[in-house]
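Undergrad: This is the structure I want to talk about, given as structure tokens.
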Amino acid sequence: MASSSHPTFLSRQHGTSLGKLPDRSRDTAFGEMSAAQKRETQRLERERERAEKERLEREEQNQLTEEQKEEIKEAFQLFDLDKDQKIDYHEFKVAMKALGFEVPKSEILSLLQTHGAPAQPPTSNSPLHQPRLLLGFAQFQSIMSKKILERDPREEILRAFDLFDEGGKGKINLQDLRRVARELGEGLEEEELMAMIEEFDMDGDGAINREEFLGICLQ
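So the number in the numbering used here is just where the residue sits in the sequence shown, counting from 1, plus 1257.
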């Protein structure tokens, strides 16, 4: 009887081990879950980065004075020639220049590539044709806020000096002060204007030069 029992046991064991394939369904489901989790993680990371970028932009804009914010708005509206709330390369360039920034072509193109959007509809269906990129006000405001905050305060002061210095003499004289006071609607007497010149005229030439003007504003 011992000899007859062994074949039966072996055949049963042999049939069991070869007749069943490994179950891969759980591995497949795990792989699909991992891919879905990865996509969701990437989406959440993009959302986090976008929210952080918007927060930093708001902080930058909050550091601007109301006058600076208004200047940015006016520059955009002035050079948005077709009034579609978007500006192209040329409009962007002159708007920045109006705000006191001489920016090279390469940087303007880079800013448009980063912050701009293609014009709709495209002006050409050719794959070789580069779409015209446009910049909305929010993007323009963000770019210019950053540039203004990064600007050397001396540059801002010298821009103001140039507004006083009619004709680019390199000095602000009594006539310049009289003109600016009139444009601003300030009813200052001649004696008051002369006193302002005398107070800050360090070299006694009857006018205020750039260095003297910087000293006034930075003290």
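Ideal Cβ placement from N, Cα and C applies to all residues, glycine included. On a predicted model such as this, the values are computed, not experimentally measured, just so you know.
If the criterion is Cβ atoms closer than 8 Å, does the pair Ile1414 and Phe1358 meet it?
TA: For this step, residue 1414 is matched to residue 157 along the sequence shown. For this step, residue 1358 is matched to residue 101 along the sequence shown. No; because the gap between Cβ atoms is not below 8 Å, this pair is not in contact.
Undergrad: How far does the alpha helix (DSSP H) with Asp1356 in it reach, from first residue to last?
TA: Translated into the one-based positions of the sequence shown, residue 1356 becomes position 99. One point to set straight first is that residue 1356 is Leu, not Asp, in the sequence displayed. Careful: Leu1356 lies outside any alpha helix (DSSP H) and carries neither H nor E.
Undergrad: Let's test the definition: count the other Cβ atoms within 10 Å of the Cβ of Leu1391 and tell me whether it reaches 16, buried, or not, exposed.
TA: Walking along the sequence shown from the start, residue 1391 turns up at place 134. Leu1391 comes out buried.
Undergrad: Once DSSP output is grouped into helix, strand and coil, what is the label at Asn1319?
TA: Here residue 1319 is taken as the residue at index 62 of the sequence shown, counted from 1. In the structure shown, Asn1319 sits in a helix (DSSP, three-state: H, G or I).
Undergrad: I'd like the ranges of any beta strand (DSSP E) spanning at least 3 consecutive residues and lying wholly in the stretch 1409 to 1460.
TA: Fully enclosed beta strand (DSSP E) runs of 3 or longer: not present.
Undergrad: Closer than 6 Å by C-beta to Cys1474: which residues in its own chain qualify, once you throw out the five before and the five after it? Chain order, please.
TA: The residue given as residue 1474 occupies position 217 in the sequence shown. Closer than 6 Å at Cβ, skipping near neighbours: Ile1414.
Undergrad: Where Gly1393 and Asn1430 are concerned, what is the direct C-alpha to C-alpha distance, given to the nearest angstrom?
TA: Position 136 of the sequence shown holds residue 1393. Position 173 of the sequence shown holds residue 1430. Each residue's Cα considered, the two are about 42 Å apart.
Undergrad: Among all the DSSP beta bridges, which residues are the ones paired with Lys1340?
TA: In the sequence shown, residue 1340 corresponds to position 83, counting from 1. None, per the DSSP bridge assignment.
Undergrad: Do you know how far the Cα of Ala1332 is from the Cα of Arg1435?
TA: Position 178 of the sequence shown holds residue 1435. Position 75 of the sequence shown holds residue 1332. C-alpha separation (whole angstroms): 27 Å.
Undergrad: Determine the contact status of Ile1531 and Leu1368, defining contact as a CB-CB distance below 8 Å.
TA: No information on residue 1531 is available, as it lies outside the stretch 1258 to 1476 that the chain covers here.
Undergrad: Compute the Euclidean distance between the alpha carbons of Asp1433 and Leu1441, then round it to the nearest angstrom.
TA: Residue mapping note: residue 1433 aligns to position 176 of the sequence shown, counting from 1. Residue mapping note: residue 1441 aligns to position 184 of the sequence shown, counting from 1. One C-alpha to the other measures close to 12 Å.
Undergrad: Relative to the alpha-carbon of Ile1454, which residue among Leu1445, Asp1460 and Ile1465 has its alpha-carbon at the smallest distance?
TA: By one-based count along the sequence shown, residue 1454 stands at place 197. Closest option to Ile1454, Cα to Cα, is Ile1465.
Undergrad: Using beta-carbon positions only, say whether Glu1324 and Asp1337 come within less than 8 Å of one another.
TA: To locate residue 1324, count along the sequence shown from 1; it is residue 67. To locate residue 1337, count along the sequence shown from 1; it is residue 80. Cβ atoms of Glu1324 and Asp1337: not closer than 8 Å.
Undergrad: Would you list the residues sitting across from Pro1375 in a DSSP beta bridge?
TA: Taking the first residue of the sequence shown as 1, we reach residue 1375 at position 118. Looking at the DSSP assignment, Pro1375 forms a beta bridge with Leu1390.
Undergrad: Can you give me the C-alpha to C-alpha distance between Gln1377 and Gln1370, rounded to a whole angstrom?
TA: Sequence index remark: in the sequence shown, residue 1377 carries index 120 (1-based). Sequence index remark: in the sequence shown, residue 1370 carries index 113 (1-based). Those two C-alpha atoms are separated by around 16 Å.
Undergrad: Please report how far the alpha carbon of Glu1297 lies from the alpha carbon of Glu1306, in whole angstroms.
TA: Here the question's residue 1297 lines up with position 40 in the sequence shown. Here the question's residue 1306 lines up with position 49 in the sequence shown. Computed Cα separation, rounded: 14 Å.
Undergrad: By Cβ distance below 8 Å, which residues in the same chain neighbour Gln1396 in space, the five residues on each side in sequence not counted?
TA: The residue labelled residue 1396 in the question sits at position 139 within the sequence shown. The residues are His1372 and Gly1373.
Undergrad: With distances taken Cα to Cα, identify the nearest neighbour of Gln1334 among Lys1295, Arg1389 and Ala1355.
TA: Locating residue 1334 in the sequence shown gives position 77, counting from the first residue. Of the candidates Lys1295, Arg1389 and Ala1355, the one whose C-alpha sits nearest the C-alpha of Gln1334 is Ala1355.
Undergrad: Based on Cα-Cα distance, which residue from Asp1345, Pro1361 and Leu1420 lies nearest to Arg1389?
TA: Taking the first residue of the sequence shown as 1, we reach residue 1389 at position 132. Closest option to Arg1389, Cα to Cα, is Asp1345.
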